[in-house]
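0 is the number of the first residue of the sequence shown in numbering that gives the first Met the number 0; add one for each residue after it.
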Amino acid sequence: MADFLLFSVLLVMAIAVFICVILSIIGIYFMISSCFMSYPPPVPSSGLLKEKALQDICDYLQNKKGLTIMDLGSGWGTMLLPLAKRFPQHRFIGIEHAFFPYMVSKLRARKLPNLHFERGDIFKTDITGADVIYCFLMQKLMNDLTPYLKQNMHSGARLYSCRFYCPDWKPAAAVSLGSKYDTYYLYIKD
Ligand SMILES: C[S@@+](CC[C@H](N)C(=O)[O-])C[C@H]1O[C@@H](n2cnc3c(N)ncnc32)[C@H](O)[C@@H]1O
Numbered sequence: 000m001a002d003f004l005l006f007s008v009l010l011v012m013a014i015a016v017f018i019c020v021i022l023s024i025i026g027i028y029f030m031i032s033s034c035f036m037s038y039p040p041p042v043p044s045s046g047l048l049k050e051k052a053l054q055d056i057c058d059y060l061q062n063k064k065g066l067t068i069m070d071l072g073s074g075w076g077t078m079l080l081p082l083a084k085r086f087p088q089h090r091f092i093g094i095e096h097a098f099f100p101y102m103v104s105k106l107r108a109r110k111l112p113n114l115h116f117e118r119g120d121i122f123k124t125d126i127t128g129a130d131v132i133y134c135f136l137m138q139k140l141m142n143d144l145t146p147y148l149k150q151n152m153h154s155g156a157r158l159y160s161c162r163f164y165c166p167d168w169k170p171a172a173a174v175s176l177g178s179k180y181d182t183y184y185l186y187i188k189d
């Protein structure tokens, strides 16, 4: 009887450990795939160029009310978090398709009522209400996204594209810290 009880307990423990291992493998796969298989990977904006773009966006938002600012491909939320903290009068929306960065950004935004992250595809997102759009993507993505941006941004809306330009669209400014790679492009919809 005691042997049977011991056997049952060990069996239950073995099954529980097995389930935990399987769930961990699935979780790790999910994290890795959402971080490294997304294109481009969720590398946050960083360095002097990010600081410059952030400062210029802040200068634009200063003394304005009720604007909507979107980060298309918002990653971990790195760009919108400081902006949302500094400008409670504006609304900030990040769109991200990779599950893990999206979840982390949502967690980081939990205390900011003016900051929302949505899981979605930037090519299918309604951007017509955005007054300011920020992108840090890849050249190929910007090539594909440009017609959608031109078609859907409202007149006067601003696009800040970090490092990658929009083909066949003359920028209102190209702010360079040296090399072509260290440049952000500002576009203003006609
Ligand atoms: C280089 S990261 C930039 C993150 C953030 N904007 C920043 O500046 O810190 C680009 C992000 O775009 C996301 N992304 C790429 N294509 C996307 C799509 N079609 N829809 C939504 N997100 C996308 C990637 O998953 C990645 O997190």
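Glycine included, each C-beta is placed from N, C-alpha and C at the ideal position. The structure displayed is predicted, hence computed values, not measured ones.
Assuming contact is defined by CB atoms lying nearer than 7 Å, are Arg118 and Tyr133 in contact in what I supplied?
Contact flag unset, no.
Candidates Arg85, Lys188 and Arg157: which alpha carbon is nearest Asn113's?
Arg85
Pairwise C-alpha distance: Ser44 and Lys64:
26 Å
Where Leu136 falls: helix, strand or coil (DSSP):
coil
Look at the alpha carbon of Ile92 and the alpha carbon of Leu22, and state the distance between them as a whole number of angstroms.
32 Å
Which whole-angstrom value describes the C-beta separation of Leu66 and Ala83, a residue pair presumed to lie in contact below a C-beta threshold of 8 Å?
Under the criterion of beta carbons closer than 8 Å, Leu66 and Ala83 do not qualify as touching, at roughly 12 Å.
Using a Cβ-Cβ distance cut-off of 7 Å, determine whether Ile14 contacts chain D.
No chain D appears in this structure, which consists of one protein chain only.
Looking only at its own chain, which residues have a Cβ that is under 8 Å from the Cβ of Asp167, when we skip the five neighbours before and after it?
Thr145
Helix, strand or coil: how does DSSP classify Tyr101 here?
Secondary structure of Tyr101 (DSSP, three-state): helix.
Any heavy atom of ligand 1 closer than 6 Å to the Cβ of Val42?
yes
Host alpha helix (DSSP H) of Tyr184 (start-end):
No alpha helix (DSSP H) holds Tyr184; the beta strand (DSSP E) holding it covers Thr182 to Ile187.
Using the rule of at least 16 other Cβ atoms within 10 Å of the residue's Cβ for burial, across every protein chain shown, is Tyr186 buried or exposed?
buried
Taking C-alpha atoms, which residue in Ile68, Cys57 and Asp55 lies nearest to Asp239?
Nothing about residue 239 can be reported from this structure: the residues present for the chain run from 0 to 189 only.
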